[in-house]
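Under our numbering, think of the first position of the sequence shown as 13, with each following residue one higher.
No residue lacks a Cβ here, since even glycine has one placed at the ideal position from N, Cα and C.
Here is the structure we will look at, set down as structure tokens.
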Amino acid sequence: MKNIKFLLLLFCAIQFLVVAPAIAGGDAVRGKRVFNKCKACHSIKAGKHKIGASLAGVINRKAGTAKGFKRYKGLKGADWTWDEATLDEYLTNPKKFVKSRNKRKSAMILKLKKKRDRDDVIAYLKSLK
């Protein structure tokens, strides 16, 4: 009987370790490291733009509206807001996402194929206040 209880407890613990990260969302600390791929084109300082717009405050911001950024092409006239779901879809394949939404081309070339990387970057962007 003790062996069954132990095995049941072990099974539950393993399930928690597998399921908990998916429920909890991304890891902002890891997301900061993944974001290093993005830093060549994007800043995280408000108003400091590079090739791409600053991503400071991007969560819940209407796409194509970063204050002071004038080089929008693919996001010009966008009618969506950057929430977790749209960012996840966008980061999977930016060119495909933008083309499907507003028939324009995106200059964004980086794709984050791994769900964990996307979740972590989104968590990092959410942590920036």
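Residue environment, residue i, which counts as buried when at least 16 other CB atoms sit within 10 Å
i             : result
isoleucine 63 : exposed
arginine 83   : exposed
alanine 97    : exposed
alanine 52    : exposed
Whole-angstrom C-beta distance between residue j and residue i, which should lie under 8 Å
i           : j           : result
leucine 124 : leucine 140 : The pair is not a contact, with the Cβ atoms about 17 Å apart (cut-off 8 Å).
cysteine 50 : leucine 122 : 7 Å
Alpha-carbon spacing of residue i relative to residue j, whole angstroms
i             : j              : result
aspartate 131 : leucine 137    : 10 Å
arginine 128  : alanine 75     : 23 Å
valine 133    : asparagine 48  : 10 Å
serine 55     : asparagine 114 : 25 Å
glycine 80    : serine 112     : 26 Å
lysine 107    : aspartate 95   : 18 Å
Reduced DSSP secondary structure (H/G/I, E/B, other) of residue i
i         : result
lysine 74 : strand
Quiz prompt | Inside the segment 43-126 only - alpha helix (DSSP H) runs reaching at least 4 residues | solution = 96-104, 106-114
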